[in-house]
Amino acid sequence: MEKLILKMQKLTQNLWWTWKPEVRTIFRDLDLDLYHKAHRNPMSVLKQITPEQLEKRAADVDVPARVDRALRQLQEYLTAPTTWGLTHAGAMRSRPIAYFCMEFGIHESLPIYSGGLGILAGDHLKSASDLGVPLVGVGLLYHEGYTSQVLNADFWQQDVVEPFDIADLPLVPAVDRFGEPVHVSVEMSGRLVHAAVLEVKVGRIRLILLDTRVKQNDPKDVALAARLYGGDQRMRIEQELLLGVGGTRALRALGINASVFHLNEGHSAFSLLERARYRVQMDGMTPQQALQEVASATVFTTHTPVDAGHDRFPADLAAEHLLPLAEGLRLPLDEVMGLGRVNPHDHGSPFLPTVLALKLSRRANGVSALHGVVSRKMWNHLYPGLREEAVPIGHVTNGVHLPTWLATEMNHLYESHLGVDYQSSLTRPATWSRITSVSSAEIWETKQVLKARTIRFIRERSAQTRARLGLPEIEPAPLDPEALTIGFARRFVPYKRPDLLFSDLDRLDRLVNHPERPVNLIFSGRAHPADNTGKGLIQKVAKILEDPRFRHRIVFVENYNIHVGRILYQGIDAWLNNPQRPLEACGTSGMKVVLNGGLHISVRDGWWAESYDGDNGFAIGTGEIHADQSVQDHRDAEDLFRLLEDEVVPLYYENRNAAGVPRCWVERMKNSIRTLAWRFNADRMVQDYVEHLYLPAAIGNSCQMPPA
Ligand SMILES: *Cc1c(COP(=O)(O)O)cnc(C)c1O
């Protein structure tokens with residue numbers, strides 16, 4: 167027994183299990199209720215299960231053999247002699263890429279993410295691990311995590327701090343080469359803020375997280391990193407200093423000599439100044455030389471074309487915090503401030519970390535082809551004299567980590583038709599073209615299994631919410647398992663227009679309650695805790711759904727997170743994405759849906775602008791943009807209704823064969839998988855970064871390095 171427990175503990179110590187369903191199910195099979203109560207975290211399941219229960223279940227569900235098998239797989243994974251990374255990025259083995267991000271979404275039990283940016287970062291680490299690309303993640307450990315969403319009786323979002331015990335996660339102190347735990351400190355307006363440096367293993371990748379819960383900090387500074395995106399502008403700039411400066415110092419203290427720094431959003435831009443400061447103070451470089459060297463080793467990725475998505479710090483707040491860095495750099499404070507101003511001479515204007523990052527990084531990119539275009543236009547004024555097309559911001563389109571988001575049943579289907587080893591060649595179109603030979607019945611039936619599971623989950627969740635709010639149960643249960651089921655889940659902000667379909671309630675009523683061709687709609691999503699506009703949108707939608715015309719057909723699911731998301735992506739027939747073009751930089755939820763055989767219904771924005779081919783999903787509108795937003799909204803609503811009524815619904819219900827399989831719909835599912843899956847996965851994304859950005863930056867960097 168003790169030996170078994172030790173082995174199981176070993177399995178929980180690497181977050182590799184987050185993308186290994188066969189490992190997760192070992193813990194699920196021990197005690198289903200406990201598993202969900204423990205946020206599907208194997209480590210806390212193991213802590214909470216009684217020895218008697220473990221002993222009994224171990225025999226009942228063959229735990230020892232499954233654990234041995236999983237441990238062997240983990241060992242093989244960690245010690246694989248050949249990987250894509252070794253052959254393509256071997257040069258970076260001794261000097262990895264440092265990937266900085268304010269949030270990392272790896273699993274729901276580690277709530278240090280809020281949404282798309284964090285989940286993308288988690289997927290990036292996982293694919294880098296699978297490919298064997300030498301990379302280290304750097305972020306902050308928010309010891310109170312992020313909030314979870316609970317609606318009150320008035321459908322107003324309450325932001326609940328979820329108790330989350332760091333001891334239930336495989337976080338360990340990161341140690342230097344003498345085996346000593348590493349500790350960093352960062353000066354912030356006259357005081358020092360300290361942080362312990364912890365690490366967690368994500369497959370082959372180390373994720374370094376700074377933790378402010380140290381005794382040297384006064385309680386105010388312990389709270390600095392309590393919560394992701396909590397607090398005011400001062401807390402925000404201090405969190406960013408901690409990430410950028412503290413994160414860079416942590417790497418140094420650990421002896422990690424990164425060849426490339428990949429900064430995601432402006433949040434970690436202060437890393438640039440810290441790296442240059444070090445070269446000036448320790449190696450006697452001039453500030454100009456140092457800044458140039460730092461630039462050549464940096465890749466900066468901007469993730470949003472929404473203006474409000476870029477921090478703008480008041481000049482005095484920024485000056486107060488930048489003084490020590492400016493002194494270390496031996497540059498006048500005003501000059502350093504100018505690096506973060508659109509116009510350096512515009513004293514008193516706000517300081518933008520994004521501007522700092524763009525000015526001081528040799529390589530910059532957006533996250534889809536269209537977002538590249540939009541970013542070049544958006545930041546053209548930073549490059550006076552350059553035409554828009556010449557602005558040095560390229561693009562790498564995002565992708566999603568297939569093993570994280572794929573349903574087990576779909577994985578089996580792919581293994582049997584694309585080849586058991588298909589996951590090692592995800593980025594090859596030839597791998598996916600074999601989907602055409604799968605029988606329509608097989609792919610359709612697989613989808614029905616997933617759909618039944620999703621609908622069951624939604625009904626349970628919805629019933630729980632209603633019981634808590636004292637609302638009457640819906641009888642019969644909402645959602646028709648036979649009906650076309652469309653999902654919409656994303657952050658509730660005006661530009662994503664979660665209420666677009668609710669602009670014409672009578673037409674919506676006719677759509678969802680059609681006697682022969684009904685439609686289910688599932689909505690989910692959260693607003694930022696400080697965003698009352700977003701919360702108002704949730705309230706508006708949730709209230710409309712109480713209308714007796716909609717209660718049976720449209721459901722709002724609370725607390726959209728990785729867990730809820732995964733279940734939605736896997737089971738719905740189609741996914742709706744209707745933002746104001748071109749404000750969705752990329753969008754990745756639709757990609758997760760496509761991998762699971764769902765169809766994407768979207769405005770031609772983000773990744774859809776470069777991937778819709780007329781036959782692999784559905785496009786809302788033509789992509790033209792009207793200057794008047796209300797006219798545009800009206801047009802898009804009209805287009806969306808027409809598309810659903812005339813194309814999506816008929817395709818789903820017509821042309822069924824004797825077994826009830828909708829032939830044309832399934833044909834489109836296959837087209838979607840065949841044309842999209844090879845491109846919009848995170849392996850392809852990481853490979854693009856390696857080949858087009860990391861390697862050139864690493865090489866440019868090493869040329870300018872003084873001889874060792
Ligand atoms: C994938 C994902 C996102 C990002 O999806 P978008 O399409 O960019 O909105 C956000 N939240 C969760 C939980 C996700 O899984």
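Count along the sequence shown starting at 1, add 166, and that's the number in my numbering. Idealized CB from N, CA, C, for every residue including glycine.
Just mark residue i as buried or exposed, buried being the case when its beta carbon has 16 or more other beta carbons within 10 Å.
| i | result |
| --- | --- |
| glutamine 399 | exposed |
| alanine 596 | exposed |
| leucine 645 | buried |
| aspartate 473 | exposed |
| glutamate 790 | exposed |
| glutamine 241 | exposed |
| lysine 938 | No information on residue 938 is available, as it lies outside the stretch 167 to 874 that the chain covers here. |
| glycine 551 | exposed |
| alanine 874 | Model confidence at alanine 874 stands at a pLDDT of 34, short of 50, so the residue's coordinates are unreliable; what they give is reported in the following sentence. Exposed is the call here. |
| valine 189 | buried |
| proline 519 | buried |
| arginine 663 | buried |
| lysine 186 | buried |
| lysine 292 | buried |
| serine 260 | exposed |
Say the cut is 7 Å; is the CB of residue i nearer than that to a heavy atom of ligand 1?
| i | result |
| --- | --- |
| threonine 754 | yes |
| lysine 367 | no |
| asparagine 725 | no |
| glycine 281 | yes |
| glycine 288 | no |
| glycine 866 | no |
| glycine 551 | no |
| arginine 656 | yes |
| lysine 292 | no |
| isoleucine 704 | no |
| isoleucine 728 | yes |
| glycine 560 | no |
| lysine 525 | no |
| threonine 285 | Looking at the sequence shown, residue 285 is not threonine but isoleucine. Checking the Cβ of isoleucine 285 against ligand 1 gives yes. |
| lysine 203 | no |
| glycine 731 | yes |
| lysine 169 | no |
Leaving aside the five residues before and after residue i along the sequence, list all residues of the same chain whose C-beta is less than 7 Å from its C-beta, in chain order.
| i | result |
| --- | --- |
| aspartate 665 | Leu703, Lys706, Val707 |
| glutamine 870 | Any reading at glutamine 870 must be qualified, since the residue scores a pLDDT of 42, below 50, and its modelled position is unreliable; the value itself is stated next. Correct list, in chain order: Glu459, Ser462. |
| arginine 496 | Val446, Pro453 |
| tryptophan 322 | Lys701, Gln705 |
| threonine 112 | Since the first residue shown for the chain is 167 and the last is 874, residue 112 is missing from the structure and cannot be characterised. |
| proline 872 | Bear in mind that the predicted position of proline 872 carries a pLDDT of just 37, short of 50, making it too unreliable to give a figure here. |
| leucine 616 | Ala573, Glu575, Gln736, Gly737, Asn762 |
Pull up the CB-CB distance for residue i and residue j, whole angstroms please, since I reckon it's below 8 Å.
| i | j | result |
| --- | --- | --- |
| leucine 244 | arginine 370 | 6 Å |
| leucine 877 | isoleucine 272 | With the chain represented from 167 up to 874, any question about residue 877 goes unanswered, as that position is not in the structure. |
| aspartate 500 | histidine 513 | 7 Å |
| serine 690 | tyrosine 726 | 4 Å |
| aspartate 739 | leucine 711 | Not confirmed; about 20 Å, so no contact. |
| leucine 579 | threonine 620 | About 17 Å; that fails the 8 Å criterion. |
| phenylalanine 668 | leucine 742 | No, phenylalanine 668 and leucine 742 are not in contact; Cβ-Cβ is about 12 Å, not under 8 Å. |
| phenylalanine 886 | arginine 692 | With the chain covering only 167 through 874, there is no way to say anything about residue 886. |
| isoleucine 285 | isoleucine 733 | In fact, because the Cβ distance is near 15 Å, the residues do not count as touching under 8 Å. |
| alanine 362 | proline 339 | 7 Å |
Closer than 8 Å by C-beta to residue i: which residues in its own chain qualify, once you throw out the five before and the five after it? Chain order, please.
| i | result |
| --- | --- |
| leucine 584 | Thr597, Trp598, Arg600, Ile601 |
| asparagine 509 | Ser515 |
| arginine 443 | Ala456, Leu491, Gly494, Leu495 |
| aspartate 387 | Arg357, Val359, His360, Thr378 |
| proline 201 | Strictly speaking, residue 201 in this sequence is tyrosine, with proline absent from that position. Contacts found: Phe193, Arg194, Val211. |
| tryptophan 773 | Ser534, Thr563, Asn564, Cys752, Gly753, Thr754, Gly756, Met757, Phe846 |
Short of 6 Å in beta carbon distance, which residues of its chain neighbour residue i, apart from the five on each side in sequence? Order them along the chain.
| i | result |
| --- | --- |
| threonine 467 | Asn430, Asn531 |
| valine 125 | Past the boundaries of the shown model lies residue 125; the chain is included only from 167 to 874, so the question cannot be answered. |
Using 8 Å as the threshold, is the stretch 262-270 in touch with the stretch 542-549, meaning 3 or more CB pairs across them?
no
Does the stretch 799-818 come into contact with the stretch 679-689, if we say contact requires no fewer than three beta-carbon pairs (one atom in each stretch) closer than 8 Å? yes
Item checked: the stretch 742-752 touching the stretch 631-644, judged by at least three CB pairs closer than 8 Å -> no
| Do three or more CB pairs link the stretch 427-440 to the stretch 402-410 at distances below 8 Å? | yes
Using 8 Å as the threshold, is the stretch 588-602 in touch with the stretch 197-217, meaning 3 or more CB pairs across them?
no
At least three beta-carbon pairs within less than 8 Å, the stretch 274-283 to the stretch 203-213: yes
**Q.** Segment contact flag, the stretch 383-402 with the stretch 329-336, C-beta cutoff 8 Å, min 3 pairs
**A.** no
Exercise. Can we say the stretch 562-579 touches the stretch 521-535, given the rule of at least three CB pairs closer than 8 Å?
Worked result: yes
> Are the stretch 333-353 and the stretch 416-424 touching by the rule of at least three beta carbon pairs closer than 8 Å?
Replying inline: yes
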